[in-house]
Amino acid sequence: MSAGVFLLWLVSIPLLIQAARQPRDYLISCGATTEIKEGALTYIPDSDFISSGNTTTVQRTDIFPRLQTLRFFPNAHATKHCYSFPVIRGSRYLIKTVYFYGGFDGGSAPPVFDQIIDGTKWSTVNTTEDFATGGSSFYEAVVAAQNKILSICLARNQQTLAGSSPFISSLEVHYLESSVYNSTNFDKAMLMTVARSRFGSRDDAIISYPDDIFNRFWEPYKDESPFVTSNSNVTTTLFWNIPPQKAFASALTTSRGMTLTLNWPAFPLTSGLYYIALYFQDNRSPSPYSWRVFDVQINGHFFFQQMNVTETGQGVVGTNWPLSGKVVITLSPSPSAPVGPLINAAEILQLLPYGNKTLTRDAAAMEELRKELVNPPEDWAADPCMPVGHSWGGVHCTGTEPFRVVSLNLTGYGLSGKLSPSIARLTAIRHIWLGDNKFHGVVPDMSPLKALETLFLQHNKLNSSVPEPLTKRDAAASDAAAVGIGYSFPDNLGSGAASGSSNSKSAKANSKERWARDRESYMTDADDALPLPMTHPDSSPMSPEEIDKRLSCDPEIEDCKPMVYEWTGKCRSCQGSGFVSYYNRRGKETICKCIPCLGIGYVQKITGRDDINVMEDLDNGRPS
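Taking the working numbering, the leading residue of the sequence shown gets 26, the next gets one more, and so forth.
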């Protein structure tokens with residue numbers, strides 16, 4: 026296999042059937058309709074874990090039975106296709122995806138596509154080279170479950186050719202003991218397997234389950250260095266990563282006083298941080314002269330000094346190692362050591378930082394909304410907004426943190442079911458378009474949706490009246506002339522429905538609804554208004570009527586310009602300019618946009634939470 030294939034974290038596995046005992050957790054044969062036995066292993070159908078895609082068979086008899094079926098996803102409009110597994114939140118899992126193309130679609134080359142775990146892009150799947158040599162391919166990752174459901178998704182990318190479909194043959198999810206890879210901060214990153222090798226073997230057998238209780242694959246690595254074998258028993262449960270005992274059965278070594286140099290992995294690495302685990306065991310019987318001491322270096326940097334290897338075995342782990350390109354492992358013996366150094370096995374995995382995720386309450390609200398649908402869109406699984414470009418169908422989100430749902434456009438999706446009250450928890454949402462579906466039941470109370478601008482529910486089977494707060498807002502919209510909030514409801518929703526329900530009415534929101542004068546606050550994209558005095562040329566208070574009058578004009582929004590103001594311990598004044606600024610230790614700094622309106626300026630928007638915190642500090646005392 027070429028180095029380029031390994032750079033995609035892809036490892037070739039043979040197609041010969043091996044007898045083994047059953048590992049724990051989820052063993053899935055994708056596309057199968059019955060359980061499949063491979064020796065003592067049992068793979069179950071995937072239908073309980075995914076609801077989208079089609080299934081087919083591969084016309085080959087010389088491959089694993091679990092590779093003779095697959096699931097593929099021809100719907101090019103779906104943003105992703107996800108398997109969902111119940112897991113223990115916070116626990117660690119090893120995920121393995123296996124692919125054998127087999128020309129299932131009549132093509133000559135496998136499709137290329139992406140893998141996603143929850144909201145993080147894991148890797149690009151490209152099995153072309155392995156398929157050309159008759160092999161299957163697998164990818165492996167280690168993650169900590171962020172929720173009670175672990176989602177593993179496939180998605181098209183720019184390399185996916187038109188007419189081709191992502192596919193998958195087999196999938197495994199293994200629960201890991203808490204010690205395994207425990208020096209990794211799994212709150213921040215996952216691990217992607219790059220290579221896992223045993224050294225010194227002269228056969229091509231891959232060690233896996235039952236020797237490895239997590240069914241990890243330990244591939245033979247061949248080198249021109251001398252090798253030795255060992256019959257010593259190693260208690261592998263004493264090692265953090267619990268390697269298989271057979272991984273210690275052979276080792277690469279060299280003569281007394283000689284340095285052992287190992288170019289491993291046999292391909293260049295992409296620049297990044299890596300987790301490295303090296304395993305050693307002396308093959309000789311215990312004696313006063315059986316000590317074997319040497320230094321371990323990686324690319325010229327000490328990994329471990331004065332390693333004293335015994336017959337009981339040692340493991341050395343390094344986390345967050347920055348590597349790029351070729352990797353050279355050097356074992357340098359102590360001058361007084363009676364024998365040369367050796368190495369039995371090794372693992373290397375790359376750290377992949379977790380991607381962004383949807384704000385938790387929005388994600389929970391969307392999940393409840395999905396559960397109320399009889400036939401949710403097939404890409405409504407995993408994170409609603411992430412990764413970028415793979416949000417749920419019809420769902421649009423903010424482009425910066427916090428990532429929130431800002432619109433739902435499910436017009437004409439053919440959906441049926443009830444509208445969950447959880448929709449009212451999407452407090453950043455501006456547009457809800459649910460027309461031309463088969464929703465039934467009541468319209469939930471959406472009064473908490475202060476940012477809502479348009480709501481379309483026409484051509485459904487909803488049978489209740491419009492919630493009163495929305496009716497008031499719609500009535501206010503019909504009395505105004507500027508751009509604002511508009512609604513469209515089914516004809517049978519009774520009073521408060523906009524006349525001509527297929528057309529939206531738009532107007533500026535009533536200022537009494539939008540501005541809380543008792544707090545002198547302004548509205549932001551946050552859930553609640555935050556305190557900030559409205560500014561005006563003098564210090565005399567304005568009446569509510571005067572504020573309403575001045576806010577009813579059609580303001581022109583302009584970028585902020587610096588404007589020095591004098592701190593008085595009271596309100597900040599635009600002094601008629603329409604602009605406001607403040608001082609801090611770094612000097613004068615502009616923080617907002619203002620709207621000049623009939624000679625006054627008032628703050629329309631603060632640009633970030635840090636700025637808001639500073640403004641609150643100014644409200645409570647003198648600026649520093």
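Every residue, glycine too, gets a C-beta built ideally from N, C-alpha and C.
The model shown is predicted, which means the values in this text are computed figures rather than measured ones.
Runs of beta strand (DSSP E) lying entirely within the region 267-328, each at least 3 residues, in chain order: Scanning the region 267-328 for uninterrupted beta strand (DSSP E) segments of 3 residues or longer gives 275-278, 285-288, 294-305 and 317-323, listed from N- to C-terminal end.
Selected residue, minimal CA-CA separation from TYR124, among VAL150, ALA134, THR104 and ASP143: Checked all of VAL150, ALA134, THR104 and ASP143; the closest Cα to TYR124 is VAL150.
Endpoints, alpha helix (DSSP H) assigned at THR59: First-last for THR59: undefined, no H or E at that position.
When GLY78, ALA57, THR158 and ILE53 are compared against LEU66, the one with the closest alpha-carbon: It is ILE53.
Proximity test, SER204 beta-carbon vs the ligand MN heavy atom, cut-off 6 Å: This structure lacks the ligand MN; in fact it carries no ligand of any kind.
Selected residue, minimal CA-CA separation from GLU249, among VAL352, LEU287 and HIS484: Among VAL352, LEU287 and HIS484, the Cα nearest to that of GLU249 is on LEU287.
Euclidean distance between Cα positions of ARG117 and SER361: ARG117 and SER361: Cα-Cα distance of roughly 43 Å.
Residues near VAL297 in its chain [Cβ-Cβ closer than 6 Å; skip 5 each side]: Just to set this straight, residue 297 is Gly in the shown sequence, not Val. Answer for GLY297: GLN375, listed in chain order.
Paired residues, beta bridge with GLY343 - DSSP: Its beta-bridge partners are ILE301.
GLU197 beta carbon less than 7 Å from that of LYS105: Taking 7 Å as the Cβ cut-off, LYS105 and GLU197 do not qualify as a contacting pair.
Backbone CA spacing between SER416 and VAL430 [nearest angstrom]: One C-alpha to the other measures close to 10 Å.
Range covered by the beta strand (DSSP E) that runs through GLU372: Looking at the DSSP string, the run of the beta strand (DSSP E) that includes GLU372 is 370-378.
Assigned exposure category for TRP147 - 16 Cβ within 10 Å defines buried: Taking all protein chains in view, the Cβ of TRP147 is crowded by 16 or more other Cβ atoms within 10 Å, so the residue is classified as buried.
Residues bridged to LEU358 [DSSP beta-bridge criterion]: The question names Leu, but residue 358 in the sequence shown is Pro. PRO358 pairs with PHE319.
Closest residue to ILE267 among ASP229, SER204, GLY225 and ALA101 (Cα-Cα distance): The candidate whose alpha carbon is nearest that of ILE267 is SER204.
Per DSSP, cross-strand counterpart(s) of HIS465: Looking at the DSSP assignment, HIS465 forms a beta bridge with LYS486.
Neighbourhood of SER226 by C-beta distance below 7 Å, restricted to the same chain and skipping five residues each side: Answer for SER226: PRO245 and SER275, listed in chain order.
DSSP three-state assignment for PHE156, whether helix, strand or coil: Reduced to three states, the DSSP call for PHE156 is helix.
C-alpha gap between ALA166 and ILE141, whole angstroms: Going by the C-alpha atoms only, they are around 11 Å apart.
Same chain, Cβ closer than 8 Å to GLY340, neighbours up to 5 away in sequence not counted: Only PHE264, TRP265, ASN266, PRO268, ALA302, LEU303, TYR304 and PHE305 meet the Cβ criterion.
Cβ pair count under 8 Å reaching 3, the region 410-427 against the region 460-468: The region 410-427 is not in contact with the region 460-468.
Ordered list of alpha helix (DSSP H) runs contained in the region 409-487, each at least 4 residues: At a cut-off of 4 residues, not a single continuous stretch assigned as alpha helix (DSSP H) sits fully inside the region 409-487.
Cβ-based neighbour list, CYS107, same chain, cut-off 6 Å, excluding 5 preceding and 5 following: In its chain, beyond the 5 residues on either side, SER176, CYS178, ALA406 and ALA407 have a beta carbon closer than 6 Å to the beta carbon of CYS107.
Extent of the continuous alpha helix (DSSP H) run through ARG395: From DSSP, the alpha helix (DSSP H) with ARG395 extends over 385-396.
For ASN369 and PHE273, believed in contact at Cβ under 8 Å, the rounded distance: Rounded to the nearest angstrom, the Cβ distance from PHE273 to ASN369 is 5 Å, consistent with a contact under 8 Å.
Rounded Cβ spacing between LYS271 and ILE231 (contact assumed at less than 8 Å): Distance from LYS271 to ILE231 at the Cβ level is roughly 11 Å; contact not present, criterion being Cβ atoms closer than 8 Å.
Distance, PRO409 Cα to SER195 Cα: When rounded, the distance between both Cα atoms is 25 Å.
Proximal residues to VAL334 (C-beta, below 6 Å), its chain only, five neighbours per side dropped: Answer for VAL334: PHE305, ASP307 and ARG317, listed in chain order.
Bridge partner(s) assigned by DSSP for ARG96: For ARG96, the pairing in a beta bridge is given by DSSP as THR80 and ILE193.
Cβ-based burial, GLY131 [other Cβ within 10 Å; buried from 16]: Under this definition GLY131 is an exposed residue.
Residue nearest to PRO469 in terms of C-alpha spacing, selected from ASN488, GLU478 and HIS484: That would be ASN488, whose Cα lies nearest to the Cα of PRO469.
Residues near MET215 by beta carbon distance below 6 Å, same chain, minus five either side: Contacts found: ALA166, VAL168 and LEU377.
Cα-Cα separation, TYR51 to HIS199: If I take the Cα positions, the gap works out to 7 Å.
Nearest candidate by alpha-carbon position, reference MET391, set PRO427, LEU433, GLN331 and ILE373: Between MET391 and the set PRO427, LEU433, GLN331 and ILE373, the nearest pair of CA atoms involves LEU433.
Beta strand (DSSP E) runs wholly inside the region 226-271, at least 3 long, in chain order: Whole beta strand (DSSP E) segments, 3+ residues: 244-246 and 252-254.
Beta-carbon separation (whole angstroms), LEU356 vs VAL413, contact threshold 8 Å: Incorrect: roughly 44 Å between the Cβ atoms, too far for contact.
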